[in-house]
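Chains as they are written, first to last, in the working numbering: chain A, 173 to 556; chain B, 173 to 556.
Number of protein chains: 2
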Amino acid sequence: MKTRLYTPGPTPVPEGVMLRMARPIIHHRTEEFKNAFAEVNENLQYLFCTEEPVLTLTSSGTGGMEAALANTLCRGEEVITVNGGKFGERWGEIATAYGLVNRQIDVEWGTAVTVEMIRERLVSYPNARAICLTHSETSTGVFTDIKEIASAVRDEFDGLIIVDGITAVGAHEMRFDEWGIDVAVTGSQKGLMIPPGLAFITLSKRAWDAAEKSDLPSFYFDLKRARVAYEKGDTAWTPAVTLVLGLREALAMIRSEGREQVWRRHARLAAGLRSGLTALGFELFGAPPSNAVTSVLLPEGGSSFEKVMKQKYGITMAGGQEALKGKIFRVSHLGYYDDGDMLTFLHYVERTMSDLELTFEAGAGVSAAQQTFTSLLAEELPTS
Amino acid sequence: MKTRLYTPGPTPVPEGVMLRMARPIIHHRTEEFKNAFAEVNENLQYLFCTEEPVLTLTSSGTGGMEAALANTLCRGEEVITVNGGKFGERWGEIATAYGLVNRQIDVEWGTAVTVEMIRERLVSYPNARAICLTHSETSTGVFTDIKEIASAVRDEFDGLIIVDGITAVGAHEMRFDEWGIDVAVTGSQKGLMIPPGLAFITLSKRAWDAAEKSDLPSFYFDLKRARVAYEKGDTAWTPAVTLVLGLREALAMIRSEGREQVWRRHARLAAGLRSGLTALGFELFGAPPSNAVTSVLLPEGGSSFEKVMKQKYGITMAGGQEALKGKIFRVSHLGYYDDGDMLTFLHYVERTMSDLELTFEAGAGVSAAQQTFTSLLAEELPTS
Chain A
173 MKTRLYTPGP
183 TPVPEGVMLR
193 MARPIIHHRT
203 EEFKNAFAEV
213 NENLQYLFCT
223 EEPVLTLTSS
233 GTGGMEAALA
243 NTLCRGEEVI
253 TVNGGKFGER
263 WGEIATAYGL
273 VNRQIDVEWG
283 TAVTVEMIRE
293 RLVSYPNARA
303 ICLTHSETST
313 GVFTDIKEIA
323 SAVRDEFDGL
333 IIVDGITAVG
343 AHEMRFDEWG
353 IDVAVTGSQK
363 GLMIPPGLAF
373 ITLSKRAWDA
383 AEKSDLPSFY
393 FDLKRARVAY
403 EKGDTAWTPA
413 VTLVLGLREA
423 LAMIRSEGRE
433 QVWRRHARLA
443 AGLRSGLTAL
453 GFELFGAPPS
463 NAVTSVLLPE
473 GGSSFEKVMK
483 QKYGITMAGG
493 QEALKGKIFR
503 VSHLGYYDDG
513 DMLTFLHYVE
523 RTMSDLELTF
533 EAGAGVSAAQ
543 QTFTSLLAEE
553 LPTS
Chain B
173 MKTRLYTPGP
183 TPVPEGVMLR
193 MARPIIHHRT
203 EEFKNAFAEV
213 NENLQYLFCT
223 EEPVLTLTSS
233 GTGGMEAALA
243 NTLCRGEEVI
253 TVNGGKFGER
263 WGEIATAYGL
273 VNRQIDVEWG
283 TAVTVEMIRE
293 RLVSYPNARA
303 ICLTHSETST
313 GVFTDIKEIA
323 SAVRDEFDGL
333 IIVDGITAVG
343 AHEMRFDEWG
353 IDVAVTGSQK
363 GLMIPPGLAF
373 ITLSKRAWDA
383 AEKSDLPSFY
393 FDLKRARVAY
403 EKGDTAWTPA
413 VTLVLGLREA
423 LAMIRSEGRE
433 QVWRRHARLA
443 AGLRSGLTAL
453 GFELFGAPPS
463 NAVTSVLLPE
473 GGSSFEKVMK
483 QKYGITMAGG
493 QEALKGKIFR
503 VSHLGYYDDG
513 DMLTFLHYVE
523 RTMSDLELTF
533 EAGAGVSAAQ
543 QTFTSLLAEE
553 LPTS
């Protein structure tokens with residue numbers, strides 16, 4: 173049986189990347205590595221749409237999130253976070269761990285924070301030094317419009333706009349410099365298509381100024397130290413060498429496809445999958461939807477849906493987390509996927525529905541998806 | 173040209189491990205991963221000689237060192253560190269970053285701290301809560317006798333004995349429980365024979381008690397959180413999945429060879445290499461020597477020694493760091509090496525000496541090494 177991964181991290185790793193990583197290991201203080209790292213750095217800037225350095229940390233994305241707060245804030249400062257899912261909640265947990273005051277906005281899981289909510293919170297807490305957002309909330313599949321929020325509050329807010337872009341970078345447009353974001357973080361096993369083990373973070377000039385004043389302790393994740401090394405084409409600590417070399421290949425693929433086209437592809441796959449699932453009678457969960465992952469309510473009589481997909485058809489997807497456990501399943505279209513992968517997924521969904529004796533119109537899923545793909549390919553969906 | 177890596181991290185990765193890591197990636201919240209992780213955990217305990225959990229962190233070894241201090245100490249507490257090289261110095265840097273008071277012992281780089289020095293320091297600073305040691309100081313190639321120090325001070329010192337075992341675990345005997353150590357750290361790209369990206373840390377009951385009282389901020393490296401996940405067969409954050417799966421293979425190799433035999437092999441390779449280099453007229457640097465890496469003074473007229481070895485013969489080794497830059501070179505025999513690899517190295521040393529018109533007796537290096545190997549294989553060198 174062919175096995176297929178539809179989880180929002182790890183995401184599938186392209187074959188060429190896997191083989192590159194299987195070559196004999198090299199030392200990181202060599203010309204060969206430095207050349208690879210220089211290319212990686214340039215392509216990361218391209219993907220983030222920034223002139224600022226994008227620093228590579230050997231950690232999961234959570235390490236990058238910790239680095240974002242620990243380097244730019246001072247003990248006792250207030251930060252605004254948004255708990256609309258497990259990853260938004262994490263900003264607050266990190267803030268609390270570092271003795272920051274967490275002015276959390278609670279939004280119903282499955283919905284996104286609005287500009288109005290952020291504005292209200294800024295009025296209530298005028299001393300807040302940072303707003304921490306989640307571009308694509310992986311636990312709910314909800315998209316937050318960072319561009320709109322940044323545009324709305326940038327002029328009136330002189331603190332930091334900090335963005336968890338862990339499942340957004342590569343899936344959604346992200347114009348770091350143009351939008352006026354101060355810190356953005358992503359991880360390796362997401363839109364970057366390599367295995368987990370690296371996090372990436374970029375800071376605006378405003379964020380670097382804040383870093384000069386920060387009094388929170390930091391060593392492994394000390395970004396000033398990381399930047400000094402970066403300027404020399406190096407990392408502060410031994411990097412995950414094989415992952416960096418794999419990343420070089422993966423970023424070359426992204427560069428070759430073009431970032432705008434990569435964003436369009438993600439929008440198209442997401443839309444096609446959603447139309448296919450809807451045509452089969454599924455109800456989607458969460459709005460507005462992320463282009464990285466689609467959350468779907470488990471149907472009545474579908475409690476063994478994930479199990480059948482996995483055991484009978486080799487399809488691994490993600491379940492719901494915490495309060496959403498047993499209520500939703502999540503399907504990734506983040507990274508190394510194309511239209512065919514979505515049709516394949518819908519094929520096994522139909523077979524599983526049949527196994528579970530659920531009601532559906534045969535062929536409706538793939539047909540709806542195909543029509544969506546065709547129409548979007550024709551009109552070249554504008555990136556959002 | 174065949175290229176060969178003789179650096180003390182990254183060290184060569186066995187072919188079977190590389191190929192395992194090149195297989196399609198799996199999700200970490202699956203039975204398949206949990207089974208692999210359980211085997212890894214058991215074999216890490218075997219290698220550390222401990223019944224305590226050995227926690228896996230996705231970071232370089234430095235992240236493990238930071239976790240060691242940040243989880244077990246309180247702001248303003250005194251720690252004794254030993255600056256006898258770049259990595260010993262790092263303990264002090266981390267301590268300072270976290271607002272601990274660094275009661276540093278300065279020893280000449282190339283020498284080891286003695287029991288007497290530690291005792292004196294404990295008398296001068298009776299409030300010290302931790303002694304931070306470096307089992308194998310990678311920057312100088314010097315071994316510190318942790319067993320002897322722990323045995324000497326354990327009864328009189330109720331603080332923590334914290335050991336950087338980054339280039340020691342797998343190369344030197346390490347009996348965590350029996351010796352009364354409280355924290356030990358290692359990294360993946362060393363004796364464990366996989367690429368960089370993972371750190372490992374184990375804590376004694378005394379250290380876990382200290383962790384309950386610690387008031388230093390910690391999130392990504394929060395070991396209490398890591399332990400909760402560990403008890404469920406999981407990690408707190410997304411682990412570097414491919415590295416963990418590679419580690420399973422590497423640890424199976426170590427288990428199959430037997431830890432005592434792995435330690436003996438490292439002692440034998442180190443002794444053989446040293447005798448070969450000495451027979452060729454080289455002067456060794458640092459004592460007592462580590463079984464992981466051998467430091468050698470660059471000979472007169474040998475300033476391009478490393479360059480010729482690399483460019484003409486494909487041999488990558490490590491130079492000196494900081495004050496030792498341009499004075500020494502360092503050769504790794506840590507991890508996936510055997511006697512033949514040492515003879516190969518000595519062969520290219522002779523050729524390079526010849527290229528540089530240095531004086532030596534032809535064949536003396538490999539002959540001396542071979543005799544050492546034969547005699548040690550015969551007497552089955554006791555582990556040290």
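Backbone N, C-alpha and C define an ideal beta-carbon position, used for all residues, glycine too.
Between the CA atoms of residue j and residue i - distance to the nearest angstrom
i	j	result
B:Cys-221	B:Val-341	10 Å
B:Glu-494	B:Lys-258	8 Å
A:Gly-512	A:Pro-180	18 Å
A:Gln-433	A:Glu-292	36 Å
A:Leu-562	B:Leu-294	In this structure chain A extends from 173 to 556, so residue 562 of chain A is not present and cannot be described.
A:Ala-210	B:Lys-396	37 Å
A:Ala-383	A:Glu-238	13 Å
A:Thr-306	B:Leu-518	55 Å
A:Thr-358	A:Tyr-392	17 Å
B:Arg-275	B:Val-287	16 Å
A:Met-481	A:Tyr-520	7 Å
A:Arg-436	A:Glu-552	7 Å
A:Leu-335	B:Gln-542	Note on identity: in this sequence residue 335 of chain A is Val, with Leu being the wrong assignment. Spanning the two alpha carbons is a distance of roughly 59 Å.
A:Arg-622	A:Pro-461	Residue 622 of chain A lies beyond the range of chain A shown here (173 to 556); nothing can be said about it.
A:Lys-319	A:Ser-308	13 Å
B:Pro-182	A:Ser-447	48 Å
A:Glu-204	A:Leu-417	10 Å
B:Leu-469	B:Leu-452	12 Å
A:Val-503	A:Ala-343	14 Å
A:Val-212	A:Gly-430	15 Å
A:Met-421	A:Arg-192	A quick correction: the sequence has Glu, not Met, at residue 421 of chain A. C-alpha separation (whole angstroms): 8 Å.
B:Thr-488	A:Leu-370	25 Å
A:Gly-473	A:Trp-351	45 Å
B:Thr-316	B:Val-285	7 Å
CB contact check: residue i to chain A, cutoff 8 Å
i	result
B:Leu-423	no
B:Thr-202	yes
B:Pro-460	no
B:Ile-266	yes
B:Thr-488	yes
B:Pro-389	yes
B:Leu-395	no
Chain B contact residues for residue i, given Cβ-Cβ distances below 7 Å
i	result
A:Met-156	Outside the shown range of chain A (173 to 556) lies residue 156 of chain A, about which nothing can therefore be said.
A:Glu-392	According to the sequence provided, residue 392 of chain A is Tyr. The question's Glu does not apply to it. Result: Ser-231, Thr-234, Gly-235, Glu-238.
Span of the beta strand (DSSP E), counted from its first residue to its last, around residue i
i	result
A:Thr-234	First-last for A:Thr-234: 233–244, but that is the alpha helix (DSSP H), not the beta strand (DSSP E).
B:Thr-358	355–359
B:Leu-177	176–178
A:Val-465	465–469
A:Leu-332	332–336
8 Å Cβ cutoff, residue i in contact with chain B
i	result
A:Ala-269	yes
A:Trp-263	no
A:Gln-361	yes
Partner residues on chain A for residue i, Cβ-Cβ distance less than 9 Å
i	result
B:Met-190	Met-193, Ala-194, Arg-195, Pro-196, Ile-197, Thr-414
B:Leu-177	Pro-196, Ile-197, Ile-198, His-199
Within chain A, the residues that residue i reaches when beta carbons sit closer than 7 Å
i	result
B:Gly-369	Thr-230, Gly-369, Ala-412, Leu-415
B:Gly-181	Thr-410
Per-residue contacts from residue i into chain A (C-beta, under 8 Å)
i	result
B:Pro-186	Those do not exist, as B:Pro-186 stays about 11 Å from chain A at its closest Cβ, beyond 8 Å.
Boundaries (first-last residue) of the alpha helix (DSSP H) holding residue i
i	result
B:Leu-219	203–220
B:Ile-318	318–325
A:Asp-349	348–351
B:Met-190	187–193
B:Gly-537	536–551
Original post:
What are the uninterrupted segments assigned as beta strand (DSSP E) that are 3 or more residues long and contained completely in the stretch 479–520 of chain B, given in chain order?
Top reply: 487–491, 500–504
Original post:
What are the complete beta strand (DSSP E) segments, minimum 3 residues, inside the stretch 368–442 of chain A?
Top reply: 370–375
Original post:
Which whole runs of the alpha helix (DSSP H) in the stretch 228–309 of chain A are 4 residues long or more, in chain order?
Top reply: 233–244, 258–269, 287–296
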